[in-house]
Amino acid sequence: MKQLLPFLIILSFIITTSCSQKEASPKPKENVTLVGNDTLTLETPNNLKATIRLTAQAQEGVKNWSFYNDLSAAVDSLPSNTLGELRLKLINVDALYINLEQAEEDLAPVTPEAVQTKAVNARLVAIETKAKVLQNSAQLNTPVAEDISRKIGELYNAYQDLNLQLNELFDTSFKDLLEEIKQENEQAASEKADELIPN
Numbered sequence: 000m001k002q003l004l005p006f007l008i009i010l011s012f013i014i015t016t017s018c019s020q021k022e023a024s025p026k027p028k029e030n031v032t033l034v035g036n037d038t039l040t041l042e043t044p045n046n047l048k049a050t051i052r053l054t055a056q057a058q059e060g061v062k063n064w065s066f067y068n069d070l071s072a073a074v075d076s077l078p079s080n081t082l083g084e085l086r087l088k089l090i091n092v093d094a095l096y097i098n099l100e101q102a103e104e105d106l107a108p109v110t111p112e113a114v115q116t117k118a119v120n121a122r123l124v125a126i127e128t129k130a131k132v133l134q135n136s137a138q139l140n141t142p143v144a145e146d147i148s149r150k151i152g153e154l155y156n157a158y159q160d161l162n163l164q165l166n167e168l169f170d171t172s173f174k175d176l177l178e179e180i181k182q183e184n185e186q187a188a189s190e191k192a193d194e195l196i197p198n
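Pasting the structure below:
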């Protein structure tokens, strides 16, 4: 054992000095032109659905829902000229979902009860998933502009699906509308009958 210890010390010294000599040896210079991925030009997505705006009832239902308002602003600003701009905007979308999760963990009411349905939650999860897939594509070492543009379109379309779901949630159906009209007519008739009865 005593004879093995000096041998190991000498061996480790030789290995250490040989490694440091390799690091010190100069590398031949190569003429490499690096182009930043952030300057990659992105085309307008060609797979966009028609824009779906919220109806008056849906706008009234989500007017105090700050997450939806922030998400709308973030998605509307997504179309970017360069990959660098897109990356910055995706950070904002990611931060929205992180803040939403933290608020839900703190049991702070973030989402109005009227929109806490399985369908709306599914749309929100779809948007978050599309945003993460887009973010992963944007962070690749060799990003493909066409692929990123297509994924921007998919995220935008998922947002349009959320708007459609909110419109369906808050819009009054034809049957409900007829029921409301019937109740208003009955109330007006009873008020008119009360006016006709002399006091």
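Heads up, the sequence shown is in numbering that gives the first Met the number 0, so the first residue is 0 and it goes up one at a time. Where is the CB? At the ideal position from N, CA and C, for every residue including glycine. This structure is a prediction, so every number in the text was calculated from the model and none was measured.
About 7 Å separates the beta carbon of L168 from that of V114, a gap short enough to meet the 8 Å contact definition. Contact between the segment 68-86 and the segment 182-194 is absent: fewer than 3 CB-CB pairs across the two stretches fall below 8 Å.
In the DSSP assignment, N135 falls within the alpha helix (DSSP H) that extends over 117-137. Under DSSP, T40 takes part in a beta bridge, and its partners are T81.
Per DSSP, D170 lies in no alpha helix (DSSP H) segment and is marked neither H nor E.
In this structure, F66 is the residue among F66, A94, L89, P142 with its C-alpha nearest to the C-alpha of A107.
Per DSSP, the continuous alpha helix (DSSP H) segment holding D75 begins and ends at 65-75. Taking 7 Å as the cut-off, the beta carbon of S136 is found closer than this to the beta carbon of I147. Per the coordinates, the alpha-carbon of P142 lies some 16 Å from the alpha-carbon of L87.
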